[in-house]
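Below is one structure, written out as structure tokens; comments come after it.
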Ligand code: SF4
Ligand code: FES
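Numbering (our numbering), first residue to last: 2 to 265.
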């Protein structure tokens with residue numbers, strides 16, 4: 002066997018090699034941020050009152066992180082709901098600087114921290130403790146619109162077929178996570194808790210426009226009530242508040258049209 006020796010590649014003269022300088026990654030800096038939280042402990046307080054807390058936070062921290070820090074470092078009695086911490090369960094809707102948002106999806110860098118950030122419970126539902134409200138009236142309205150598929154005929158032996166176009170009709174309203182940010186930002190709901198509210202109408206829309214469903218008339222009858230869709234004054238607060246970007250006002254308009262023409 003013969004071995005062929007390859008000629009060596011001449012090394013570059015050292016003087017021609019330009020050192021690569023990597024740009025320095027800026028190190029995030031924690032800043033003191035003050036939160037003004039509307040506290041209410043029913044065992045001790047006659048009325049809710051505001052309390053300030055200051056915690057060190059990074060710009061990419063969320064308001065939920067701040068609340069957890071306040072609870073850990075300042076006052077363990079601070080009460081709020083949260084579960085998934087990733088915008089899915091809908092349990093941490095609250096009013097942050099006067100706007101309904103999910104605490105787990107609101108970043109410190111997106112809020113003005115030059116003055117205290119106000120945090121309070123969502124409005125229009127009975128306040129139970131600190132940032133926690135009684136959600137039962139909200140879910141009662143949700144249950145009334147029959148938020149489940151009502152199929153017709155016998156149980157099928159294979160899946161119920163639906164075209165892509167038919168599925169698209171209610172795609173937007175399937176995204177609801179029942180956080181109540183829309184209903185509790187609605188001025189009609191604030192003054193009239195009998196009003197079904199936007200979230201219940203969104204839930205109804207999801208099934209009314211589903212081609213596999215046969216319960217639309219029953220739902221439309223429920224929403225034809227004087228506390229149903231006709232109470233909506235199209236203020237768009239609900240659409241602005243929705244953390245899922247659902248076009249709620251449009252969905253409400255579509256339900257109104259379905260009621261007028263009884264055609265879905
Ligand atoms: S429609 Fe939007 S704001 Fe209303 S409950 Fe559903 S996810 Fe929350
Ligand atoms: S904690 Fe689940 S949506 Fe925010």
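For every residue, glycine included, the Cβ atom is placed at its ideal position computed from N, Cα and C.
Which residue comes first and which comes last in the alpha helix (DSSP H) that contains residue i?
i	result
residue 51	Element bounds for residue 51: not the alpha helix (DSSP H) but the beta strand (DSSP E), 50 to 58.
residue 150	Neither: residue 150 is in no alpha helix (DSSP H) and is coded neither H nor E.
residue 162	First-last for residue 162: undefined, no H or E at that position.
residue 195	It is not in any alpha helix (DSSP H) - residue 195 carries neither H nor E in the DSSP assignment.
residue 241	238 to 242
residue 176	Unbroken run through residue 176: none, as it is neither H nor E.
residue 218	217 to 224
residue 227	Run containing residue 227: none; DSSP gives neither H nor E here.
residue 259	249 to 262
Residue i and residue j: beta carbons closer than 9 Å?
i	j	result
residue 197	residue 146	yes
residue 203	residue 180	no
residue 55	residue 34	yes
residue 253	residue 199	yes
residue 120	residue 63	no
residue 39	residue 111	no
residue 71	residue 96	no
residue 161	residue 213	yes
residue 74	residue 173	no
residue 144	residue 193	no
residue 171	residue 209	yes
residue 114	residue 37	no
residue 1	residue 186	It is not possible to answer for residue 1, since the shown part of the chain is limited to 2 through 265.
residue 139	residue 128	no
residue 59	residue 32	yes
residue 68	residue 94	no
residue 137	residue 215	no
residue 201	residue 165	no
residue 211	residue 167	yes
With a threshold of 8 Å (Cβ to nearest heavy atom), would residue i be considered close to the ligand FAD?
i	result
residue 243	Summarising the ligand content, the structure contains the ligand SF4 and the ligand FES and does not contain the ligand FAD.
Let me know if residue i comes out buried or exposed under the rule of 16 or more other beta-carbons within 10 Å of its beta-carbon.
i	result
residue 229	buried
residue 218	exposed
residue 2	Because residue 2 sits at a pLDDT of 49, beneath the cut-off of 50, its placement in the model cannot be relied upon, and the following sentence gives the value as read from the coordinates. Residue 2 is exposed by the Cβ-count criterion.
residue 235	exposed
residue 244	buried
residue 178	buried
residue 23	exposed
residue 256	buried
residue 91	buried
residue 57	exposed
residue 50	exposed
residue 240	buried
residue 259	buried
residue 237	exposed
residue 107	buried
residue 155	exposed
residue 26	exposed
residue 190	buried
residue 158	exposed
Tell me the DSSP bridge mates of residue i?
i	result
residue 18	Answer is none; residue 18 lacks a bridge partner.
residue 34	56
residue 40	50
residue 63	108
Checklist entry - Which runs of the beta strand (DSSP E) spanning at least 3 residues fall entirely within the stretch 75 to 137, listed in chain order? => result List check, beta strand (DSSP E) in window: 94 to 97, 100 to 103, 118 to 121, 128 to 130.
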